[in-house]
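Residue numbers (the UniProt record's numbering): 1 to 223.
Here a beta-carbon is modelled for each residue, glycine too, at the ideal position from N, C-alpha and C.
The structure under discussion appears below in the form of structure tokens.
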């Protein structure tokens, strides 16, 4: 390897959100290089120019990024430590009011509460919990239940405690540092969405890759 050959390390996440229409390498990558002057000149290099307003997504291949760097610095060695395809999401930054956030949170809370309550009631009716508890109470005590016994109390308390432990938090307080089941499922869902976006862009020839004449955000296909 020549003595003057410099190595540039780049790392990009799978999904990047940008706020401006002219996207540079520094906007979508974390970079490290021993040549600080060269690194400062590489970060402002433009990789994508978004033509339209509104929410848009683009898939940029790391090969296109390397090609963009080599156009300016052909002798630099680029080592990719991140994703091979980067999803760039552009959306007009509109700051909604606090009232709108409160209304959305309240709506989600009401829908979730009603759905959970309906599921629990459907389960209780399906197995006839009231009759089951009555039989158990009569079997143990020899007396008929009046419909409100220690079994109903402990069942209700246990159901609440079990839900809190399962979802691993109450309000903003976490019981452990582990992610909640909801967070795990959301992460899996996000990964599936990102994989689908990358595969669809590659299948349709819309991925921004080497061989494309322009990095404009209006879309394009490989020649």
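Buried or exposed (CB count within 10 angstroms, at least 16 for buried), residue i
i, result
"residue 156", "exposed"
"residue 12", "buried"
"residue 68", "buried"
"residue 161", "exposed"
"residue 201", "buried"
"residue 137", "buried"
"residue 225", "Given a span of 1 to 223 for the chain in the structure shown, any question on residue 225 remains unanswerable."
"residue 194", "buried"
"residue 10", "buried"
"residue 29", "buried"
"residue 102", "exposed"
"residue 111", "exposed"
Contact check, residue i vs residue j, beta carbons under 8 Å
i, j, result
"residue 197", "residue 57", "yes"
"residue 86", "residue 60", "yes"
"residue 210", "residue 64", "yes"
"residue 22", "residue 46", "yes"
"residue 92", "residue 53", "yes"
"residue 237", "residue 31", "As shown, the chain starts at 1 and ends at 223. That puts residue 237 outside it, with no answer to give."
"residue 152", "residue 123", "no"
Residues bridged to residue i [DSSP beta-bridge criterion]
i, result
"residue 60", "86 and 208"
"residue 9", "32 and 79"
Residue i versus residue j: straight-line alpha-carbon distance, rounded
i, j, result
"residue 185", "residue 179", "10 Å"
"residue 55", "residue 16", "13 Å"
"residue 98", "residue 107", "14 Å"
"residue 7", "residue 76", "6 Å"
"residue 125", "residue 114", "16 Å"
"residue 104", "residue 90", "23 Å"
"residue 175", "residue 116", "22 Å"
"residue 24", "residue 170", "41 Å"
"residue 183", "residue 139", "43 Å"
"residue 146", "residue 173", "38 Å"
"residue 120", "residue 88", "41 Å"
"residue 222", "residue 14", "With a pLDDT of only 46 at residue 222, under the threshold of 50, the placement of this residue in the model should not be trusted; the figure read from the coordinates follows. Straight-line Cα distance between these residues: approximately 22 Å."
"residue 181", "residue 192", "17 Å"
Element boundaries [beta strand (DSSP E), containing residue i]
i, result
"residue 126", "Per DSSP, residue 126 belongs to no beta strand (DSSP E); it is in the alpha helix (DSSP H), 98–127."
"residue 177", "Looking at the DSSP string, residue 177 is not in any beta strand (DSSP E), and its letter there is neither H nor E."
"residue 47", "46–49"
"residue 81", "Neither: residue 81 is in no beta strand (DSSP E) and is coded neither H nor E."
"residue 17", "15–18"
N-terminal and C-terminal residue of the alpha helix (DSSP H) that residue i is part of
i, result
"residue 152", "150–167"
"residue 27", "25–28"
Residue-level contact to chain B via CB, residue i, 8 Å cutoff
i, result
"residue 182", "This model lacks chain B altogether; it includes just one protein chain."
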